[in-house]
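Counted from 1, the sequence shown has number 34 at position 48 by my numbering; the numbering is strictly sequential.
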Amino acid sequence: MGSETRGTHTESPPQRSPRTSPRWEGPAAALGGLLWFLYYAVDVWAGLQTGQVASSDLNATPLSWLGFSSFGGGLLFLDFALVGLPLRLQGRARWPARGALVLAALALTASTLYSLLLSGLTGSVRLVQEFGAIGVLSSCVSATFLGIAMGREATLPRPASTLLRSFGGLMVALLILSNFHGPFPAYAMDGLPFGIAGLVWIFLGSVLWRTPPVFRAPAAAD
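Put into structure tokens, the structure is as follows:
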């Protein structure tokens, strides 16, 4: 019997990492989603007051700075989560994980610059929407790559990994559709993609918070 089993390779089932592993990605993603939903709520509230889409002028209304700060803060927390999540993966999905990490790093850089300039710490308060656009686009593509990688490694429950994989396309579709207001006021539709995306990230963040990382142990040696 010993000779029959000698030299064979056995693949261990996925195992959960120790409870001491840091699990800050889930709370960061949920908080980022909450801030994006707040950004949409502030946009709608400001629209109800003025009847118009929120202006890019930070002094237009008392809510203007709060809205843009919520957007930038949400993007910053989401990018922190997107940078940390690829580090959970153990090698079966190297190229999508690396792609997700590179794009998340780009998004984090853009969102940091956006928030730093908006805070006024570097001088006058400045709203540079180009940094926000780069951050959102990079985050969307990073989330798609990350969903592919986490789906391959079965790191998340299938519904969550499918939603993460679909997030980039969903966000782009919502941004396009938000330009067609129909019977709805423009201020209610303009930021709607971020309101929906915020709810998606709150859900994904709660799943990540409850689900410890899963890694695949290496095959046994001869």
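C-beta atoms are modelled at their ideal positions from N, C-alpha and C, and glycine is treated no differently. Note that the structure is a prediction, hence the values are computed from the model and not measured.
Any idea if F170 is buried or exposed, counting beta-carbon neighbours within 10 angstroms, 16 or more meaning buried? By the neighbour-count rule (16 or more Cβ atoms within 10 Å), F170 is not buried but exposed.
Cβ of L90 within 9 angstroms of Cβ of P72? First, the residue type needs correcting, since residue 90 is Ala and not Leu in the sequence shown. Annotated as proximal: A90 and P72, with beta-carbon spacing under 9 angstroms.
Can you tell me the Cα-Cα spacing of A146 and L34, whole angstroms? A146 and L34: Cα-Cα distance of roughly 35 angstroms.
Do E197 and L132 have their C-beta atoms closer together than 9 angstroms? Looking at the sequence provided, one finds Thr at residue 197 rather than Glu. For the pair T197 and L132, the CB atoms are not nearer than the 9 angstroms cut-off.
Mind checking F180: buried by the 16 CB within 10 Å criterion, or exposed? Classified as buried, F180 has 16 or more neighbouring CB atoms from the shown chains inside 10 Å of its CB.
Rounding to the nearest angstrom, what Cα-Cα distance links Y173 and R9 in this structure? Spanning the two alpha carbons is a distance of roughly 37 angstroms.
Nearest-angstrom Cβ-Cβ length linking G191 and P48, presumed shorter than 8 angstroms: Contact between G191 and P48 does not hold, since the beta-carbon distance rounds to 29 angstroms and is not under 8 angstroms.
Enclosing alpha helix (DSSP H) for W31 [first to last residue]: Counting along the chain, the alpha helix (DSSP H) containing W31 begins and ends at E11 to T36.
Where the alpha helix (DSSP H) through P179 begins and ends: Residues L178 to R196.
Touching or not, the stretch 159 to 166 and the stretch 19 to 26, by the rule of three or more beta carbon pairs under 8 angstroms? No, because fewer than three Cβ pairs between the stretch 159 to 166 and the stretch 19 to 26 fall closer than 8 angstroms, the two stretches do not touch.
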